[in-house]
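A.B. asks: Got a structure for you, written out below as structure tokens; questions coming shortly.
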Amino acid sequence: MQQKFFAQFDVPLREPPKPKGAALNLAITVGNMEIIKTLLDAGAYIDPSNGLRPLHWSIALNKYEIVEYLIKRGADINARCDTKNPVHVAAEKGHKEILELLIDHNAIIDPRAIHDAIQDALQNRHFEIVKILLDTSAKLYPLRICSPL
Numbered sequence: 001m002q003q004k005f006f007a008q009f010d011v012p013l014r015e016p017p018k019p020k021g022a023a024l025n026l027a028i029t030v031g032n033m034e035i036i037k038t039l040l041d042a043g044a045y046i047d048p049s050n051g052l053r054p055l056h057w058s059i060a061l062n063k064y065e066i067v068e069y070l071i072k073r074g075a076d077i078n079a080r081c082d083t084k085n086p087v088h089v090a091a092e093k094g095h096k097e098i099l100e101l102l103i104d105h106n107a108i109i110d111p112r113a114i115h116d117a118i119q120d121a122l123q124n125r126h127f128e129i130v131k132i133l134l135d136t137s138a139k140l141y142p143l144r145i146c147s148p149l
């Protein structure tokens, strides 16, 4: 089955994928959980140091089950890919359930960078995402007002 899967995309099985991790991202694209598990069990990088990170890609494609699986397998939920972390990708794409999953798994909502995620969500008219980000940020970093009294 696996050879058939890769053959349809002309993926050489005896050579390392270029860039490394391309096979995993391809399996994520088509949503084949069996191949994803096989690749990770065989040593595919869940958090490659360069290239497109599997977690970011699965978030961008709104593959909730795969995102959940990658988190369980130890994917870094705060890693950056280019300039975006997983929270930013979910906000930009408007994937509410995935954003909530990331928050439930303690993804960092950095108050210094939160405006980028909010800006991405606003730009794409994902107002429910904006509300979630603002509510979460307010709970984590409550406003402290000093009283002269």
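Residue 1 is where the sequence shown starts when you use UniProt numbering, and the numbers rise one by one after that.
For glycine and all other residues, C-beta sits at the position ideal for the given N, C-alpha and C.
(1) For asparagine 85, count neighbouring C-beta atoms within 10 Å of its own C-beta (all shown protein chains included) and say buried if the count is 16 or more, exposed if not.
(2) Which ranges would you report for the alpha helix (DSSP H) in the region 17-76 if only whole runs of at least 4 residues count?
(3) Once the 5 residues before and after leucine 70 are set aside, which same chain residues still bring their CB inside 7 angstroms of it?
(4) Measuring alpha carbon to alpha carbon, tell me which residue in Cys81, Asp116, Ile77 and Ile118 is nearest isoleucine 98.
(5) Buried or exposed: which applies to lysine 93, given that a residue is buried once 16 or more other Cβ atoms fall within 10 Å of its Cβ?
(6) When the distance is taken between beta carbons, is asparagine 62 closer than 8 angstroms to histidine 95?
(7) What is the rounded straight-line gap between the Cα of glutamate 65 and the Cα of leucine 40?
(8) Whole angstroms are fine: how far does the CA of leucine 52 sit from the CA of glycine 38?
(9) Once you ignore the five residues that flank isoleucine 129 on each side, which residues in its own chain have a CB closer than 7 angstroms to its CB?
(10) Thinking C-alpha only, which one of Gln123, Gln119 and Ile132 is nearest leucine 102?
(11) What residue does the alpha helix (DSSP H) around isoleucine 98 start on, and which one ends it?
(12) Taking all protein chains shown into account, decide if asparagine 50 is buried (16 or more other Cβ within 10 angstroms of its Cβ) or exposed.
(13) Determine whether the beta carbon atoms of alanine 22 and isoleucine 36 lie at a separation below 8 angstroms.
C.D. replies: Considering the structure as presented:
(1) To locate residue 85, count along the sequence shown from 1; it is residue 85. Buried, because 16 or more other Cβ atoms sit within 10 Å of the Cβ of asparagine 85.
(2) Correct list: 22-30, 33-41, 54-60 and 64-72.
(3) For the purposes of this step, residue 70 is taken as the residue at position 70 of the sequence shown. Only residues of its own chain outside the window of five on either side were considered, and among them Ile46, Pro54, Leu55 and Ser58 have a CB closer than 7 angstroms to the CB of leucine 70, listed in chain order.
(4) Position 98 of the sequence shown, counted from the start, is the residue given in the question as residue 98. Measuring from the Cα of isoleucine 98, the nearest candidate turns out to be Ile77.
(5) Numbered from its first residue, the sequence shown carries residue 93 at position 93. Lysine 93 is buried by the Cβ-count criterion.
(6) Within the sequence shown, numbered from 1, the residue matching residue 95 stands at position 95. Within the sequence shown, numbered from 1, the residue matching residue 62 stands at position 62. Judged by their CB atoms, histidine 95 and asparagine 62 are nearer to each other than the 8 angstroms cut-off.
(7) Start at 1 with the first residue of the sequence shown, and residue 65 comes out as number 65. Start at 1 with the first residue of the sequence shown, and residue 40 comes out as number 40. Looking at the two C-alpha atoms, the distance is approximately 15 angstroms.
(8) Here the question's residue 38 lines up with position 38 in the sequence shown. Here the question's residue 52 lines up with position 52 in the sequence shown. Before going further, note that residue 38 is threonine rather than glycine in the sequence given. Here the alpha carbon of threonine 38 sits roughly 19 angstroms from the alpha carbon of leucine 52.
(9) Locating residue 129 in the sequence shown gives position 129, counting from the first residue. Cβ within range, chain order: Ala91, Gly94, Lys96, Leu99 and Ala121.
(10) Taking the first residue of the sequence shown as position 1, residue 102 is located at position 102. By alpha-carbon distance to leucine 102, the top candidate from Gln123, Gln119 and Ile132 is Ile132.
(11) In the sequence shown, residue 98 corresponds to position 98, counting from 1. For isoleucine 98, the enclosing alpha helix (DSSP H) has its first and last residue at 96-104.
(12) Within the sequence shown, the letter at position 50 stands for residue 50. Taking a 10 Å sphere around the C-beta of asparagine 50, we find fewer than 16 other C-beta atoms and assign the residue as exposed.
(13) Counted from its first residue, the sequence shown places residue 22 at position 22. Counted from its first residue, the sequence shown places residue 36 at position 36. Alanine 22 is not a Cβ neighbour of isoleucine 36, given a cutoff of 8 angstroms.
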